[in-house]
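For the sequence shown, numbering that gives the first Met the number 0 gives the first residue as 0, with consecutive numbering after it. Remarks on the structure that follows.
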Amino acid sequence: MPISVTSNDVPALTDAPEVIEEANRFLNEQTAYLKREDREMLFSAFLFAENAHRGQMRRSGEPYISHPLAVAGILTQWKLDAQALAAALMHDVMEDSGVTKLELTEKYGKTVAELVDGMSKIDKLEFQSKEEAQAENFRKMLLAMARDLRVMLIKLADRLHNMRTMDSMRADKQKRIARETMEIYAPIANRIGLNAVYQELDDLAFKYIHPRRHHVLSKALKAARGNRREVVQKILDAIQAKLEVQNIDAAVTGREKNLYSIYRKMLEKHLSFSEVLDIYAFRVIVKDNSHCYLTLGALHALFKPIPGKFKDYIAIPKTNGYQSLHTTLFGPYGTPIEVQIRTGEMHRIADAGVASHWMYKSGDEGFSDVQQKTHQWLQSLLELQSESGDAVEFLEHIKVDLFPDQVYVFTPKGTILSLPNGATCVDFAYAVHTDIGNRCIAAKVNHELVPLRTKLKNGDHIEIVMAAHARPNPSWLAFVTTGKARSQIRHFLRTMRFDESVHLGERLLSQAFSALHQPLHVNDDIWEKFLRESGEKSRDSILADIGLGQKLGVVIAKRLLQLAGTWSEDGRQGKKPMSVSIRGTEGMAIQFARCCNPIPGDPILGFVKKDQGLVVHTHDCPQVSKGRIDAEKLIDVDWDPEVARLFDVPVKVLAENERGTLAALAAAIAEAEADISAVTMGDTVESHERYLSVQFTLQVNNRQHLAKVLKNLRRLPAVYRLHRVRA
0 MPISVTSNDV
10 PALTDAPEVI
20 EEANRFLNEQ
30 TAYLKREDRE
40 MLFSAFLFAE
50 NAHRGQMRRS
60 GEPYISHPLA
70 VAGILTQWKL
80 DAQALAAALM
90 HDVMEDSGVT
100 KLELTEKYGK
110 TVAELVDGMS
120 KIDKLEFQSK
130 EEAQAENFRK
140 MLLAMARDLR
150 VMLIKLADRL
160 HNMRTMDSMR
170 ADKQKRIARE
180 TMEIYAPIAN
190 RIGLNAVYQE
200 LDDLAFKYIH
210 PRRHHVLSKA
220 LKAARGNRRE
230 VVQKILDAIQ
240 AKLEVQNIDA
250 AVTGREKNLY
260 SIYRKMLEKH
270 LSFSEVLDIY
280 AFRVIVKDNS
290 HCYLTLGALH
300 ALFKPIPGKF
310 KDYIAIPKTN
320 GYQSLHTTLF
330 GPYGTPIEVQ
340 IRTGEMHRIA
350 DAGVASHWMY
360 KSGDEGFSDV
370 QQKTHQWLQS
380 LLELQSESGD
390 AVEFLEHIKV
400 DLFPDQVYVF
410 TPKGTILSLP
420 NGATCVDFAY
430 AVHTDIGNRC
440 IAAKVNHELV
450 PLRTKLKNGD
460 HIEIVMAAHA
470 RPNPSWLAFV
480 TTGKARSQIR
490 HFLRTMRFDE
500 SVHLGERLLS
510 QAFSALHQPL
520 HVNDDIWEKF
530 LRESGEKSRD
540 SILADIGLGQ
550 KLGVVIAKRL
560 LQLAGTWSED
570 GRQGKKPMSV
580 SIRGTEGMAI
590 QFARCCNPIP
600 GDPILGFVKK
610 DQGLVVHTHD
620 CPQVSKGRID
630 AEKLIDVDWD
640 PEVARLFDVP
650 VKVLAENERG
660 TLAALAAAIA
670 EAEADISAVT
680 MGDTVESHER
690 YLSVQFTLQV
700 NNRQHLAKVL
710 KNLRRLPAVY
720 RLHRVRA
């Protein structure tokens, strides 16, 4: 007996009989694969959602309940379970109608409530910008998806229906939503294998982002379709005849390219519309893997294959579980033919991806493989979230990882790894393990040493060379492509910088106490009081802020002393405050100013610059002498006697422009046991004919070492003038 919704159940829909009709079709036809008790639960969920949205209308003028009903209808195509369909019917009730998660839990159970909550935006919180709010909402949804994939399936169905019914919106809002769809939702659909949804979302987004281009291409495609029919039929007949001769049972169809993929190919390959349409596409579906390869051989015998245009995604599936053989052939009249060869199971996965888990209950390895790969990706989302500094950074990493093009490379043990197109050796290192990425210093590709920024190609064998004390280089962020590598590098640098800033903050706070001539020790109770008053999380976060210049040490010191009841304005003058000792190995918390390049032995001073920590200058630096730095922010610093590192210092030399001069200069520098890190050749009027102007960036231990280098250079007869470069 069918379940029936009537106008007595929902009197508010008396004027919208089409919605009641759609509800009955959903409950009886679309969900026929469910048990009756599940459909009765969906009947209850529909009434609950209708009551919650009563009086709300869509921009098109339809009752709002028509939208969640359509979303649930899309999900029935993937045969989703009753819990997911109930959540789809009620996916907006928390956000739009004030229904609480507790109410949903009591009425429909914890799982349905969790699914609805995963779909709800975070409107109650305040954000600095729309971008931050959007990023936080994505973060919440993606983490809910990592716990239960049905959240994303519901969201994709929700976005698909919204994109289908966006005509009544303002043009600017249409473009904003379409861009968001193309950047996030379409790539996610592709990433989890929902190919049909991916293509439709791309086409709909294209329609609203470039309406005129969409209209022109759409019209041209319709006109071209009729002209191509005869050629397509000839190729189909030839393929089917060849397969029959080879006793291969197969279904052969012409494959239509979607509009956005045509547009993208025109842009990327600088082709005209007619050139793209000259490529004919076909799909051959056979019964098992062995017949895929038999079919490939038969087609290569029928039409000549184009070299370099064959891809075996059966042996090495794509990251979303997609499997097929791809080949491009020279067809009749010299026209290229693209052919996909796959089994029926592969075809279902290609269309439904991970949703095939609900559509086709099967023990086949192909399905478990898809689920496993999706699960691994979802776990990587959780890892990205834990390593990202904030929601905006997390969203950036997600976008990076959603690009569909892949390269397949091998580890030294022969394991295949798939990475985004353009991935480098550093991306590979982090893909294997975070510790390998953090400690890598070099890489071998196909047994040859290459730079870490080298881009990988299909089939490369990669070996990473590591060192125990190595650490990530900030410059890697300029070339890595994977979200994992980017987030791990940032996390390491942020943690390292935090630790160094805490250490520097302690020293600056000690100096502040010394300047105030007060005891250096503040007990834990006073710190607890200060933390409660300031709302900070920990003592270390305050010390890090002092080290990074976010807070002034003297202000914190005064407040701590006030809370301790020991602050006094008396007797604060007359003593020299303790200086901060610089070793040069403090890392990112201490910066040496590029304008004067201080080295040990130079009289120095420092000031705390926001987000950069302590910046050290020479006392006669033009930046200081010209009053560009607030005198109150200056801090006494001196060199630690145990400095044991090299410092860069620029030296300019004017010498006779004759053969062997540059070699003599380099030899004199090497004799003084200094290194050359950079050389710049000058081109002044003075040096144009007779003199050669050269600027060396030397690496020296201290001022005495520099004096030794300069003395060696002055001894050379060819040297006319030299000096240390000051800004």
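Note that CB positions come from ideal geometry on N, CA and C, so glycine has one too.
Legend entry - Sequence-distant residues of the same chain with beta carbon closer than 6 Å to Asp539, five excluded per side: Taking the first residue of the sequence shown as position 1, residue 539 is located at position 540. For Asp539, where only same-chain residues beyond five positions count, the Cβ hits under 6 Å are Val501.
Legend entry - For Ala663 and Leu715, believed in contact at Cβ under 8 Å, the rounded distance: Numbered from its first residue, the sequence shown carries residue 715 at position 716. Numbered from its first residue, the sequence shown carries residue 663 at position 664. With 8 Å as the limit, Leu715 and Ala663 qualify as a contact, their Cβ atoms being about 6 Å apart.
Inset, instruction - Tell me, please, which residues DSSP counts as bridged to Cys439. - result: Along the sequence shown, one-based indexing puts residue 439 at 440. Here Cys439 is bridged, per DSSP, to Met465.
Inset, instruction - Enumerate, from N- to C-terminal direction, the unbroken alpha helix (DSSP H) stretches of 4 or more residues contained entirely within the stretch 82-122. - result: Counting only runs of at least 4 residues, the stretch 82-122 fully encloses the following alpha helix (DSSP H) elements, listed from N- to C-terminal order: 92-96, 100-107 and 109-118.
Inset, instruction - Assign Arg531 to one of two classes, buried (16 or more other C-beta atoms within 10 Å of its C-beta) or exposed (fewer than that). - result: Mapped onto the sequence shown, residue 531 falls at position 532. By the neighbour-count rule (16 or more Cβ atoms within 10 Å), Arg531 is not buried but exposed.
Legend entry - Closest Cα partner of His213 within the set Ser260, Ala643 and Gly192: Working through the sequence shown from its first residue, we reach residue 213 at position 214. Among Ser260, Ala643 and Gly192, the Cα nearest to that of His213 belongs to Ser260.
Inset, instruction - Figure out for me which residue from Arg702, Ala671 and Val650 has the closest Cα to the Cα of Ala677. - result: The count along the sequence shown starts at 1 and reaches residue 677 at position 678. Closest by alpha carbon: Val650.
Legend entry - Reduced DSSP secondary structure (H/G/I, E/B, other) of Ser59: One-based indexing of the sequence shown puts residue 59 at position 60. Correct three-state label for Ser59: coil.
Inset, instruction - State the Cα-Cα distance for the pair Lys233 and Ala83, rounded to the nearest angstrom. - result: Mapped onto the sequence shown, residue 233 falls at position 234. Mapped onto the sequence shown, residue 83 falls at position 84. For Lys233 and Ala83, the distance between alpha carbons rounds to 46 Å.
Inset, instruction - Just grab the DSSP bridge partners of Leu653 for me. - result: On the sequence shown, residue 653 is found 654 positions in, with the first residue counted as 1. In the DSSP assignment, Leu653 is bridged to Ser692 and Arg720.
Legend entry - Inter-residue spacing [alpha-carbon to alpha-carbon] between Pro335 and Thr326: Translated into the one-based positions of the sequence shown, residue 335 becomes position 336. Translated into the one-based positions of the sequence shown, residue 326 becomes position 327. The alpha-carbon atoms of Pro335 and Thr326 are separated by roughly 10 Å.
Inset, instruction - Within its chain, find whatever has a CB closer than 6 Å to the CB of Leu712; leave out the 5 residues flanking it on each side and keep chain order. - result: By 1-based counting over the sequence shown, the position of residue 712 is 713. The residues are Ala667, Val718 and Leu721.
Inset, instruction - Have a look at Val724, Thr180, Phe529 and Leu508 and flag the residue whose alpha-carbon is nearest the alpha-carbon of Arg593. - result: Residue mapping note: residue 593 aligns to position 594 of the sequence shown, counting from 1. Taking Arg593 as reference, the option from Val724, Thr180, Phe529 and Leu508 with the minimal CA-CA separation is Val724.
Inset, instruction - Verify whether the separation of the beta carbon atoms of Asp202 and Asn257 is less than 8 Å. - result: Mapped onto the sequence shown, residue 202 falls at position 203. Mapped onto the sequence shown, residue 257 falls at position 258. Against a cut-off of 8 Å, the Cβ pair of Asn257 and Asp202 comes out as a contact.
Inset, instruction - Might you give, ordered along the chain, the residues of its own chain that have their beta carbon closer than 7 Å to the beta carbon of Cys291, omitting 5 neighbours on each side? - result: Along the sequence shown, one-based indexing puts residue 291 at 292. Here the set comprises Val285, Ile313, Leu324, Ile340, Arg341 and Thr342.
Inset, instruction - Look at the Cβ atom of Thr453, then the Cβ atom of Thr480, and state whether they are nearer than 8 Å. - result: Numbered from 1 along the sequence shown, position 454 holds the residue referred to as residue 453. Numbered from 1 along the sequence shown, position 481 holds the residue referred to as residue 480. No, the Cβ-Cβ distance between Thr453 and Thr480 is not below 8 Å.
Inset, instruction - Please go through the same chain and pick out, in chain order, the residues whose beta-carbon is closer than 7 Å to the beta-carbon of Tyr107, but skip the five residues on each side of it. - result: Working through the sequence shown from its first residue, we reach residue 107 at position 108. Sequence-distant partners of Tyr107 (beyond 5 residues in either direction) whose C-beta falls short of 7 Å from its own C-beta, in its chain, are Ala44 and Ala85.
Legend entry - Val244 versus Ala297: straight-line alpha-carbon distance, rounded: One-based indexing of the sequence shown puts residue 244 at position 245. One-based indexing of the sequence shown puts residue 297 at position 298. Val244 and Ala297 have their C-alpha atoms some 9 Å from each other.
Inset, instruction - Please state if the CB of Tyr279 and the CB of Val230 are separated by a distance shorter than 8 Å. - result: Within the sequence shown, numbered from 1, the residue matching residue 230 stands at position 231. Within the sequence shown, numbered from 1, the residue matching residue 279 stands at position 280. Closer than 8 Å, so yes.
Inset, instruction - Work out the CA separation of Arg57 and Lys172 for me, nearest whole Å. - result: The residue labelled residue 172 in the question sits at position 173 within the sequence shown. The residue labelled residue 57 in the question sits at position 58 within the sequence shown. Cα-Cα distance, rounded: 15 Å.
Legend entry - Presumed contact (8 Å Cβ cut-off) between Arg438 and Ala477, rounded CB distance: What you label residue 438 is simply residue 439 of the sequence shown in a count that begins at 1. What you label residue 477 is simply residue 478 of the sequence shown in a count that begins at 1. The pair is not a contact, with the Cβ atoms about 20 Å apart (cut-off 8 Å).
Legend entry - The beta strand (DSSP E) enclosing Glu255, as first and last residue numbers: Taking the sequence shown and counting its residues from 1, the one referred to as residue 255 is at position 256. Glu255 -> no beta strand (DSSP E), and no H or E assigned at all.
Legend entry - C-beta contact flag for Gly72 and Phe25 at 8 Å: For the purposes of this step, residue 72 is taken as residue 73 along the sequence shown, with counting starting at 1. For the purposes of this step, residue 25 is taken as residue 26 along the sequence shown, with counting starting at 1. Cβ atoms of Gly72 and Phe25: closer than 8 Å.
Inset, instruction - Could you tell me the boundaries of the alpha helix (DSSP H) in which Met165 lies? - result: Here residue 165 refers to the residue found at position 166 of the sequence shown. DSSP places Met165 outside any alpha helix (DSSP H), giving it a letter other than H or E.
Inset, instruction - For Asp524, count neighbouring Cβ atoms within 10 angstroms of its own Cβ and tell me buried if that reaches 16, exposed if not. - result: Within the sequence shown, the letter at position 525 stands for residue 524. Exposed.
Inset, instruction - May I ask which residues mark the beginning and end of the alpha helix (DSSP H) holding Pro306? - result: Sequence index remark: in the sequence shown, residue 306 carries index 307 (1-based). The continuous stretches of alpha helix (DSSP H) do not include Pro306, and DSSP gives it neither H nor E.
Inset, instruction - Could you tell me which of Ala563, Met40, Leu697 and Leu507 sits nearest to Asn522, measuring between CA atoms? - result: Taking the sequence shown and counting its residues from 1, one reaches residue 522 at position 523. When each option's Cα is compared against that of Asn522, the closest is Ala563.
Legend entry - For Leu33, the three-state DSSP class (helix, strand or coil): Your numbering for residue 33 matches position 34 in the sequence shown. Of the three classes helix, strand and coil, the one that applies to Leu33 here is coil, per DSSP.
Inset, instruction - Measure the beta-carbon distance from Phe591 to Val615 and round it to whole angstroms, keeping in mind my assumption that it falls under 8 Å. - result: The count along the sequence shown starts at 1 and reaches residue 591 at position 592. The count along the sequence shown starts at 1 and reaches residue 615 at position 616. With a Cβ gap of about 5 Å, Phe591 and Val615 count as contacting.
Inset, instruction - Can you tell me which of the three DSSP states Asp287 falls into? - result: Position 288 of the sequence shown, counted from the first residue, corresponds to residue 287. Of the three classes helix, strand and coil, the one that applies to Asp287 here is coil, per DSSP.
Inset, instruction - From the DSSP output, in three-state form, read off Asp426 for me. - result: Here residue 426 refers to the residue found at position 427 when the sequence shown is read from its first residue. Looking at Asp426 - three-state DSSP - the assignment turns out to be helix.
Inset, instruction - Give me the Cα-Cα distance between Val9 and Leu46, rounded to the nearest whole angstrom. - result: Locating residue 9 in the sequence shown gives position 10, where the first residue counts as 1. Locating residue 46 in the sequence shown gives position 47, where the first residue counts as 1. Near 7 Å, if we compare the C-alpha coordinates of Leu46 and Val9.
Inset, instruction - Confirm, please, whether the CB-CB distance from Ala442 to Leu508 is below 8 Å. - result: As a position in the sequence shown, residue 508 is number 509, starting the count at 1. As a position in the sequence shown, residue 442 is number 443, starting the count at 1. No, the pair does not count as a contact, with Cβ atoms beyond the cut-off.
Inset, instruction - Report the residue from Met345, Leu242 and Arg282 whose alpha carbon sits nearest the alpha carbon of Arg300. - result: Within the sequence shown, residue 300 is the residue found at index 301, counting from 1. Checking the displayed sequence, the identity of residue 300 turns out to be Ala instead of Arg. Among Met345, Leu242 and Arg282, the Cα nearest to that of Ala300 is on Leu242.
Legend entry - Burial state of Ala669, where buried means 16 or more other Cβ atoms lie within 10 Å: Position 670 of the sequence shown, counted from the start, is the residue given in the question as residue 669. Counting the other CB atoms within 10 Å of its CB gives Ala669 a total below 16, which places it among the exposed residues.
Legend entry - Supposed contact pair Ala349 and Tyr321 - C-beta distance, whole angstroms, cut 8 Å: Here residue 321 refers to the residue found at position 322 when the sequence shown is read from its first residue. Here residue 349 refers to the residue found at position 350 when the sequence shown is read from its first residue. A Cβ-Cβ separation of about 6 Å places Tyr321 in contact with Ala349 under the 8 Å criterion.
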